[in-house]
Amino acid sequence: MAPPASFRLSAAAGLCLCLCAGLALANEKDPSISTKDGDVTVKSYGSINMEVGDSDAIVFRKRRAEVDIHALAEKVDKFAAAVDSITPAVKQRLDNTLTLLTDVVVQSQQSSEKFVATVINTTIKNLEGQSSATLAKVNSDSKEAIKELKAAQASLVKTADKAATGLADKIYKCTTKIQVYNPTSDKCEANPAHPLGSSRIVAAVSCAAIKTAHKDEPTGQFWVIKSKKAVLVWCDMSGKGVEFIPNSEDRPAKSCADFLKAYPNQKSGTYWILQHNNKAMKVYCLFDSKYRKGGWQLLLTLTHAKDMMRGWNHPLGAYPININSPTLDKPYANNWAGVNKPNIGDEFLMIARGTGDWKTFTMTHTHCGWRSNSDGVCNGCHGTYAKGQIYNENGGKVNCGSGGCWLNACTSCSSCASQGCEAIGFSAENNDYSRFYGGGVWQTFGSGWYGGTCGGGWVRKRTSSVFPLNVFYRPKQ
Numbered sequence: 015m016a017p018p019a020s021f022r023l024s025a026a027a028g029l030c031l032c033l034c035a036g037l038a039l040a041n042e043k044d045p046s047i048s049t050k051d052g053d054v055t056v057k058s059y060g061s062i063n064m065e066v067g068d069s070d071a072i073v074f075r076k077r078r079a080e081v082d083i084h085a086l087a088e089k090v091d092k093f094a095a096a097v098d099s100i101t102p103a104v105k106q107r108l109d110n111t112l113t114l115l116t117d118v119v120v121q122s123q124q125s126s127e128k129f130v131a132t133v134i135n136t137t138i139k140n141l142e143g144q145s146s147a148t149l150a151k152v153n154s155d156s157k158e159a160i161k162e163l164k165a166a167q168a169s170l171v172k173t174a175d176k177a178a179t180g181l182a183d184k185i186y187k188c189t190t191k192i193q194v195y196n197p198t199s200d201k202c203e204a205n206p207a208h209p210l211g212s213s214r215i216v217a218a219v220s221c222a223a224i225k226t227a228h229k230d231e232p233t234g235q236f237w238v239i240k241s242k243k244a245v246l247v248w249c250d251m252s253g254k255g256v257e258f259i260p261n262s263e264d265r266p267a268k269s270c271a272d273f274l275k276a277y278p279n280q281k282s283g284t285y286w287i288l289q290h291n292n293k294a295m296k297v298y299c300l301f302d303s304k305y306r307k308g309g310w311q312l313l314l315t316l317t318h319a320k321d322m323m324r325g326w327n328h329p330l331g332a333y334p335i336n337i338n339s340p341t342l343d344k345p346y347a348n349n350w351a352g353v354n355k356p357n358i359g360d361e362f363l364m365i366a367r368g369t370g371d372w373k374t375f376t377m378t379h380t381h382c383g384w385r386s387n388s389d390g391v392c393n394g395c396h397g398t399y400a401k402g403q404i405y406n407e408n409g410g411k412v413n414c415g416s417g418g419c420w421l422n423a424c425t426s427c428s429s430c431a432s433q434g435c436e437a438i439g440f441s442a443e444n445n446d447y448s449r450f451y452g453g454g455v456w457q458t459f460g461s462g463w464y465g466g467t468c469g470g471g472w473v474r475k476r477t478s479s480v481f482p483l484n485v486f487y488r489p490k491q
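Residue 422 in the numbering used here is what sits at position 408 of the sequence shown, and the numbering runs on without skipping anything.
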């Protein structure tokens, strides 16, 4: 009898049929299809069978027991979720490994003599233990053998310093440069697969070392070891290979934080920094170590909570103000939409220059944009830009309450819009906008709405003394 005309499979059922058939062993027979009294049965011999009756209901069975195909689908979804969750962990493990490799390179470079002596001592101790265990089973001469072995050890240790300055020293010096020692030429040879200075794990001791290893290398950024850490620096390769401090549009630093790591003695001021849109921009970098070791890029200097940007505009997504001369005291703003795109783990710094108070904020969720009213976790009608955690000056966490901590504003909605507000702050337990009233743990650091108008405030104290108010950004450290 031919299958009924109503026989049909959904896309999900068809997919499961292929999946279930694939579960059968390779040496099993091919699935067979049979019909009887209008029913259709697909049999896969030992795997999962599918039955379709007159009612078009699809039933999956294994050894006559019905299989919950939806439960199988849920298991697949959970597996995919597990893969997604483990990916950041794998990336973090890779970063930790690269850092460890860098430390190993530096330590081996600085203590080659000690390393050689340690290797010799360890080898002798191993031989001593092996000799003791073996000779003790043979005769009473083991003690004499060990005595001779110790004498040999003393002799080897005595000559270890000479060896470290000789052949062994040459070998390990080449190793610290990620090069190979050639005894024929008595020189270190470059490894073409990993050019010196091309990454953190092959960081050089100086720009000159890179020039020596790669004579035709052009001027650019390279990884160099400073204070036992690999950092990116600029090397002028037109001569002997000299490090220089970049401050031009065609030679920008990756971030204020990276610039500070490479050049720790520089003062706060304006520098050319590469933005997220891959374009260089002259910005103000705050290097003061008081603020979580420094390395912050200025995004906004707000001198008043109203009308600095023509009224009710997003403070970080509005009009450029004094864009070519950023300062901490005079009005400064930019439309950072499409220019600055923070990621999870990136940080913000809010400084009330009038009072000296400051707080930091770390993003824990995807950034919602600098003109966001409702996007992702940001679902208020005002400017709601990011969700995260606020930290006190001593590093302690601010109580975010049930509503969470936010970087948000009182600007483009309701009374904030009609009053011409452009207030911005870090807010606790209020995702919609920054404000200073209510119960619970509500509080704002910066500026916001306080019932009737907008202005400055800190914690729950309404004050205009916070101005000028500075907002800074720093990528994840």
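No residue lacks a Cβ here, since even glycine has one placed at the ideal position from N, Cα and C.
These numbers come from a predicted model, not from an experiment.
Beta-carbon separation (whole angstroms), residue i vs residue j, contact threshold 8 Å
| i | j | result |
| --- | --- | --- |
| A442 | V412 | 6 Å |
| D250 | V256 | 5 Å |
| C419 | H396 | Not quite, the Cβ-Cβ distance comes to about 16 Å (not below 8 Å), so this is no contact. |
Residue i classed as buried or exposed, judged by whether at least 16 other C-beta atoms fall within 10 angstroms
| i | result |
| --- | --- |
| N41 | Summary for N41: the model assigns pLDDT 39, below 50, so the residue's position carries little reliability; its value from the coordinates is reported in the next sentence. Exposed. |
| L37 | Confidence at L37 is low in this model, with a pLDDT of 35, below 50, so its placement is unreliable and the value that follows should be read with caution. It is exposed - the Cβ of L37 has fewer than 16 other Cβ atoms within 10 Å. |
| H228 | buried |
| Y487 | buried |
| T425 | buried |
| F236 | buried |
| P197 | exposed |
| K293 | exposed |
| F301 | buried |
| E361 | buried |
| F258 | exposed |
| A165 | exposed |
| S478 | exposed |
| N291 | exposed |
| I287 | buried |
| N495 | As shown, the chain starts at 15 and ends at 491. That puts residue 495 outside it, with no answer to give. |
Paired residues, beta bridge with residue i - DSSP
| i | result |
| --- | --- |
| V297 | Y285 |
| T458 | S441 and V473 |
| R488 | E361 |
| V247 | F236 |
| V256 | D250 |
| K320 | C435 |
| R265 | S262 |
| W310 | L300 |
Close Cβ partners of residue i (< 7 Å) along its chain, the five nearest in sequence each way excluded
| i | result |
| --- | --- |
| Y305 | L363 and W372 |
| E231 | I224, K225 and M251 |
| G345 | One point to set straight first is that residue 345 is Pro, not Gly, in the sequence displayed. Once the five neighbours on either side are set aside, the close Cβ partners of P345 are T315, T317, M322, I335 and N336. |
| S213 | W237 |
| K275 | V245 |
| A319 | C435, E436, A437, S461, C468, G469 and G470 |
| P489 | S269, A271 and D360 |
C-alpha gap between residue i and residue j, whole angstroms
| i | j | result |
| --- | --- | --- |
| V247 | A423 | 38 Å |
| A222 | Y277 | 17 Å |
| V391 | I404 | 17 Å |
| I239 | D272 | 14 Å |
| G394 | G211 | 47 Å |
| N327 | Y285 | 27 Å |
| F459 | N279 | 31 Å |
| K307 | N354 | 22 Å |
| S282 | C299 | 6 Å |
| V485 | I438 | 9 Å |
| G470 | K187 | 59 Å |
| K296 | S303 | 21 Å |
| P260 | T341 | 20 Å |
| G566 | C270 | Residue numbering for the chain in the displayed model covers 15 to 491; residue 566 lies beyond these limits and cannot be assessed. |
| K475 | A218 | 53 Å |
| N406 | R324 | 32 Å |
| G410 | S220 | 39 Å |
| T398 | Q491 | 24 Å |
| Q311 | S339 | 14 Å |
| I365 | A267 | 24 Å |
| G352 | E203 | 45 Å |
| S428 | G466 | 12 Å |
| W463 | S262 | 41 Å |
| Y5 | Q433 | The chain is shown from 15 up to 491; residue 5 falls before or after that span and cannot be answered. |
Cut-off 8 Å between Cβ atoms - residues of its own chain near residue i, not counting five sequence neighbours on either side
| i | result |
| --- | --- |
| G234 | W248, C249 and M251 |
| W350 | L313, L330, G331 and W384 |
| K254 | A222 and K225 |
| D200 | K184 |
Nonlocal neighbours in the same chain, by C-beta distance under 6 Å from residue i, ignoring five residues either side
| i | result |
| --- | --- |
| I337 | N348 |
| A400 | M377, H381 and L421 |
| V473 | Q457 |
| I358 | M377 |
| G368 | S479, V480 and F481 |
Neighbour flag for residue i against chain C, beta carbons, 8 Å
| i | result |
| --- | --- |
| C270 | Looking for chain C here will not work: only one protein chain is present. |
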